[in-house]
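Residue numbers (my numbering), protein chains in the order written: chain A, 2 to 147; chain B, 2 to 147.
Set out below in structure tokens:
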């Protein structure tokens, strides 16, 4: 099983609310990860996606991408979210997909930091789109601990 | 039934993931609201509270306090979160309680804005403590639409 395929099981086992949210690994191409979740279990009083579920999907998308890159590199991995800013730009009235991309330079910096220090700090942006328009803009600062 | 007692039913009915999270109304004293949730359904891979669940509890605490104040005032209420910043200060290894307080001046400004405009913007801070130390600091910007 690939690390990406194992990720969904890891999320559902270790963070059980992700099962209730219906979170799935939608796509992974080594530098980009997409996580999805159906609207129905994550709906709010307005019939659109609950802001907490949108945030959870976004924060997990960044966390999971780092988890995969560290696992592929054979490194011990303990990734935590340290701080985040989130802007709600449009209501989401359909199933949600979060996208996170990391470039090779940021990855190289992270690996270099982990060689010389006991932790690396990494900013990651995640977006959830509604009909191709950004609906949630998430900027997180993650910490990777050795 | 008081508005505060009805709030828990409203949350569980209209935002169904709050049932799975086990969110309860813990206390309400007119200017302060506390929402709680057990650790178990909200746990992460480290045995502490999942950052997305901490955020969800916090964003709902602010949302719910505005919901109650508007309902008590007999005003139509449509509260949405517009933007938030969240800082994770300590891991939370026990049941979670979020606290949000609003002062009378901020409330008066909100009601005045709603008299003259179709919306009011309102910043609200929410904190989740672990053994009396702030573990999550949430600053949200909510919008109340008439």
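The beta-carbon is built from N, C-alpha and C at its ideal position, and this holds for glycine as well.
As the structure is a prediction and not an experimental result, all values here were calculated from the model.
- Chain-ordered residues of the region 83–102 of chain B with a beta carbon less than 7 Å from chain A: 83, 84, 85, 86, 87, 88, 89
- Backbone CA spacing between residue 144 (chain A) and residue 27 (chain B) [nearest angstrom]: Looking up residue 144 (chain A) in the first chain gives position 143. Looking up residue 27 (chain B) in the second chain gives position 26. About 32 Å.
- Starting from the Cα of residue 121 (chain A), find the closest Cα among A:41, A:101, A:81, A:95 and give me that residue. The sequence position of residue 121 (chain A) within the first chain is 120, counting from 1. Nearest option by C-alpha distance: A:81.
- Give the interface partners of residue 129 (chain A) over in chain B, defined as CB-CB distance under 9 Å, in chain order. For this step, residue 129 (chain A) is matched to residue 128 along the first chain. Residues of chain B passing the Cβ test: none, with the nearest at roughly 13 Å.
- Applying a beta-carbon distance threshold of less than 7 Å, which residues of chain E neighbour residue 60 (chain A)? Structure shown: chain E not included; protein chains present are A and B.
- Out of curiosity, what's the CA-to-CA distance linking residue 84 (chain A) and residue 55 (chain B)? Taking the first chain and counting its residues from 1, the one referred to as residue 84 (chain A) is at position 83. Taking the second chain and counting its residues from 1, the one referred to as residue 55 (chain B) is at position 54. When rounded, the distance between both Cα atoms is 12 Å.
- Item | DSSP bridge partner residues for residue 120 (chain A) (one or two, in chain order) | Numbered from its first residue, the first chain carries residue 120 (chain A) at position 119. When beta bridges are read from the DSSP output, residue 120 (chain A) appears opposite A:146.
- Message: Distance cutoff 9 Å, beta carbons only. Does residue 135 (chain B) sit that close to anything in chain A?
- Response: For the purposes of this step, residue 135 (chain B) is taken as residue 134 along the second chain, with counting starting at 1. Not an interface residue.
- Determine the extent of the beta strand (DSSP E) in which residue 49 (chain A) is found, giving its start and end residues. In the first chain, residue 49 (chain A) corresponds to position 48, counting from 1. Element bounds for residue 49 (chain A): n/a, residue is neither H nor E.
- Is there contact here, the region 63–78 of chain B with the region 27–42 of chain A, by at least three beta-carbon pairs under 8 Å? Output reads no: the region 27–42 of chain A does not touch the region 63–78 of chain B.
- DSSP puts residue 101 (chain B) in a beta bridge; with which residues? Residue mapping note: residue 101 (chain B) aligns to position 100 of the second chain, counting from 1. According to DSSP, which records beta bridges pairwise, residue 101 (chain B) is partnered with B:34, B:127.
- Item | Pick from B:96, B:132, B:95, B:140 that is closest to residue 88 (chain B), judged by C-alpha positions | As a position in the second chain, residue 88 (chain B) is number 87, starting the count at 1. Cα-wise, what sits closest to residue 88 (chain B) is B:140.
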